[in-house]
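What follows is a short report on a single structure.
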Amino acid sequence: MSVSPLRPPQQHEEIAAHLRDEIFTGRIPAGEPLPSEADLCEQFNSSRGPVRQAMATLRAEGLISSGRGRRSLVLSNIRTESFEEILSNTAWIVNLGKAPGQVLEHYGLAPLPEHAADVLRVPGGDEAVTVQRTRTADGAPLVIESLYFHPSVTNALDGVDPEHDSIHRRLVSSGIDFNNLSRALTVHAATDNEADALDIAPGTPVIQVEMRVFDHSGRPVELAVQTYRADMITIGLNNVRGHSSPLWFEIDS
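Just so we're aligned: 43 in UniProt numbering is position 43 of the sequence shown, and the numbers increase by one with no gaps anywhere.
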């Protein structure tokens with residue numbers, strides 16, 4: 001099951017999505033070669049450019065080998081996240097076959113906390129659309145979301161009903177450019193409020209993800225702070241030799 005994307009896919013994205021589906025469903029199992037570049041061009045009525053871009057995407061995701069003069073082989077059938085799934089927990093939960101839900105605590109204009117204002121590069125205390133909610137999967141609390149949007153997108157969110165409308169889809173349809181993002185993961189002991197929202201004992205380890213989203217010019221558009229139940233998720237990363245890893249580690253002093 002999947003949700004519609006936040007914007008119409010480009011041809012290379014359609015080709016990559018088709019090949020991912022073939023891999024994840026086992027129709028092309030690990031160790032087997034992908035269709036040739038010529039076959040894919042014919043199948044999708046495409047030039048070589050979009051096909052090669054799709055293949056490069058799958059290599060960067062660690063799903064296929066580098067090729068280098070031979071047909072690429074499937075390395076793994078472990079699913080990866082699309083950009084839309086990273087941006088939207090609703091899309092991620094649905095594409096995992098779960099029913100998304102939410103307990104909404106706040107949606108609307110509010111003064112930005114100091115850290116959010118710093119990340120969004122606006123003066124502290126400026127008002128912007130903020131969201132506080134707990135997302136559920138099949139009725140079980142999964143993640144606490146704190147979303148802070150740049151004040152410049154406020155008008156685009158007029159009339160949004162967060163109980164029924166997709167905030168990100170509204171922004172994309174209004175021309176807001178979600179182009180790239182960075183995520184940092186940390187682990188801490190759940191506070192009393194976090195434990196209550198996630199239905200766990202205080203002090204239980206939780207995974208906090210801080211996600212900073214930018215447009216194509218590098219302007220910050222959104223800060224999302226997401227606190228996940230550690231007992232309900234598994235985090236993994238695929239890598240292929242010759243390609244740098246998007247994962248980074250730091251030791252906090």
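Cβ coordinates follow ideal geometry from the N, Cα and C atoms, glycine included. Quantities reported herein were computed from a predicted structural model and do not represent experimental measurements.
{"Check": "Sub-8 angstroms separation of LEU104 and GLU163 beta-carbons", "Outcome": "yes"}
{"Check": "Reference ALA99, options PRO113, PRO123, ASN180, ARG135, closest by Cα", "Outcome": "ARG135"}
{"Check": "Straight-line gap, ASP177 to ARG170 (C-alpha atoms, nearest Å)", "Outcome": "12 angstroms"}
{"Check": "Residue ranges of each beta strand (DSSP E) within the stretch 86 to 122, 3 or longer", "Outcome": "100 to 111"}
{"Check": "Under the three-state DSSP convention, the category VAL51 falls into", "Outcome": "helix"}
{"Check": "Beta-carbon proximity of ALA195 to MET211, cut-off 8 angstroms", "Outcome": "no"}
{"Check": "Contact set for LEU142: own chain, Cβ-Cβ below 7 angstroms, skip 5 residues either direction", "Outcome": "ARG135, THR136, TYR228, ARG229, MET232"}
{"Check": "Inter-stretch contact at 8 angstroms, needing at least 3 Cβ pairs: the stretch 195 to 208 / the stretch 149 to 163", "Outcome": "no"}
{"Check": "C-beta contact flag for residue 258 and LEU147 at 8 angstroms", "Outcome": "Beyond the ends of the chain as shown, which are 1 and 253, falls residue 258; an answer cannot be given."}
{"Check": "Residues bridged to VAL187 (per DSSP)", "Outcome": "ILE207"}
{"Check": "GLN208 versus LEU58: straight-line alpha-carbon distance, rounded", "Outcome": "27 angstroms"}
{"Check": "Residues that THR130 bridges to, as DSSP identifies them", "Outcome": "GLY108, TYR148"}
{"Check": "Nearest neighbour of LEU40, chosen from ALA30, ILE15, ASN239, ASP21 [CA to CA]", "Outcome": "ILE15"}
{"Check": "Helix, strand or coil at GLN11 [DSSP, three-state]", "Outcome": "helix"}
{"Check": "Own chain partners of SER76 with C-beta closer than 7 angstroms, once the 5 adjacent residues on each side are dropped", "Outcome": "ALA30, GLY62, LEU63, ASN238"}
{"Check": "Beta bridge counterpart(s) of GLN226 as assigned by DSSP", "Outcome": "GLU145, VAL209"}
{"Check": "Cross-strand partners of ALA137 (DSSP beta bridge)", "Outcome": "PRO100, ALA140"}
{"Check": "Exposure of ASN180, with buried meaning 16 or more beta-carbon neighbours within 10 Å", "Outcome": "exposed"}
{"Check": "Candidates ILE144, PHE214, THR191, GLY203, of which the one nearest VAL153 by Cα", "Outcome": "PHE214"}
{"Check": "Endpoints, the alpha helix (DSSP H) within which LEU40 is located", "Outcome": "37 to 44"}
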